[in-house]
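Accompanying notes for the structure given below.
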Amino acid sequence: MKIQQKIKDAEAGDLKAQWDLSNMYYEGDGVTQDDDKAFYWTSKAAFQGHITSQFNLGFLHSSGKGTSEDSEKAIFWFRKAAEQGYDSAQNNLGVIYLKGLGVDIDYEEAFMWFLMASNSSLSICSDSRKGPGNANAQCNLGIMHYKGQGVPKSNLEAAHWINLAHRQGSERATELLDEYGLWDDIQKYYFI
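Under the numbering used here, the letters of the sequence shown match residues 7 to 198, in that order.
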C-alpha cells in the first residue's frame with residue numbers, strides 16, 4: 007500500500023493504518039524517520055484503545071521523543087496498558103515506583119506491578135501461550151528481595167525470581183546471579 011493511501015486511511019480512523027504509520031515513522035521504515043509523526047500516529051492509535059500504542063505512548067512521554075518529557079503522562083499511558091495486562095507496561099510502572107521517577111518511591115506499588123508482570127503466565131489457570139512471565143520484572147523482583155526493598159531480604163527468594171528470568175535466556179539474569187553470587191541459592195531453593 008502506498009504511503010499516501012495509508013495516511014488517508016489513518017486520517018479516516020483506521021486503527022491498523024495508524025499503528026503502521028506510528029511504527030514506520032518511529033523506525034524510518036519506508037519513510038523518513040520522524041519522531042513527531044511517530045508520536046502523532048501513536049497517540050491516535052492509543053486513544054482508540056490500541057494497547058501496544060498505549061505502552062509506546064508512555065515510552066514516548068517518558069523519553070521525550072516526539073514530545074516533551076512528561077512523567078505524569080507516561081505513567082498515565084503505562085497504567086492504561088498495564089491495567090489491560092500488558093506485562094512490559096506493568097514492569098515499567100514497577101520501575102517508576104521503585105526508583106521514584108516522577109512519583110514518590112513506593113516499594114509496595116513497585117512490588118505489585120513487578121509481581122503482576124512476572125506472573126503473567128505462571129499461575130495454574132494461566133494461558134501457556136503467553137509465555138513464562140516478564141523476565142525483566144522477574145529480575146526486578148529478585149533485586150528487591152536481594153536488597154530488602156519493601157520485602158524481607160532473602161537470597162533464596164532473589165535466586166528464585168532471577169532464576170526464572172535466567173531460564174528464559176535473560177542475559178541480565180545471568181549477570182545478576184553472578185554479581186550477587188546466587189548460584190548456590192538456586193540449588194537450595196529447589197531442594198529445601
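Cβ coordinates follow ideal geometry from the N, Cα and C atoms, glycine included.
Owing to the predicted nature of the structure, the values given are computational and were not obtained by experimental measurement.
From the options, residue whose alpha carbon lies closest to that of residue i
i	options	result
Gln90	Phe117, Tyr103 and Ser59	Ser59
Ile192	Gly154, Thr73, Arg178 and Gly148	Gly148
Asn125	Leu107, Asn146, Gly106 and Asp110	Asn146
Tyr32	Glu114, Ala18, Leu63 and Leu21	Leu63
Tyr196	Glu177, Gln174, Leu162 and Leu182	Leu162
Ala16	Thr38, Ser49 and Asp40	Ser49
Tyr6	Thr73, Asp40, Gly55 and Gly36	Outside the shown range of the chain (7 to 198) lies residue 6, about which nothing can therefore be said.
Met150	Ala164, Gly139 and Glu115	Ala164
Ala51	Leu183, Asn169 and Trp83	Trp83
Leu188	Glu177, His166, Arg178 and Ser176	His166
Ala88	Lys8, Gly175 and Phe65	Phe65
Phe117	Ile13, Asn97 and Asp110	Asn97
Lys86	Gly100, Ser77, Ile102 and Phe61	Phe61
Same chain only: Cβ atoms within 7 Å of residue i, ignoring 5 sequence neighbours per side
i	result
Thr180	His172
Asp42	Gly72
Asp112	Tyr103
Any C-beta of chain C under 9 Å from that of residue i
i	result
Asn98	You won't find chain C in this structure, because it holds only one protein chain.
Spatial neighbours of residue i in its chain, beta-carbon cut-off 8 Å, leaving aside the 5 residues before and after
i	result
Glu75	His67, Ser68 and Ser69
Residue i, buried or exposed, once every other Cβ within 10 Å from all chains shown has been counted against 16
i	result
Tyr152	buried
Phe53	exposed
Ile130	Interpretation of Ile130 is limited by its pLDDT of 36, a score under 50 that renders its predicted location unreliable; the figure taken from the coordinates is listed afterwards. It counts as exposed.
Under the three-state DSSP convention, the category residue i falls into
i	result
Lys8	coil
Val101	helix
Gln24	helix
Leu107	coil
Unbroken alpha helix (DSSP H) runs of length 4 or more, entirely within the segment 27-96: which are they? With a minimum length of 4 residues, the continuous alpha helix (DSSP H) runs that stay inside the segment 27-96 are 41-53, 57-69 and 77-88.
Jot down the residue ranges of each uninterrupted alpha helix (DSSP H) in the segment 149-175, minimum 4 residues, whole runs only, in chain order. Within the segment 149-175, the complete alpha helix (DSSP H) runs of at least 4 residues are 161-172.
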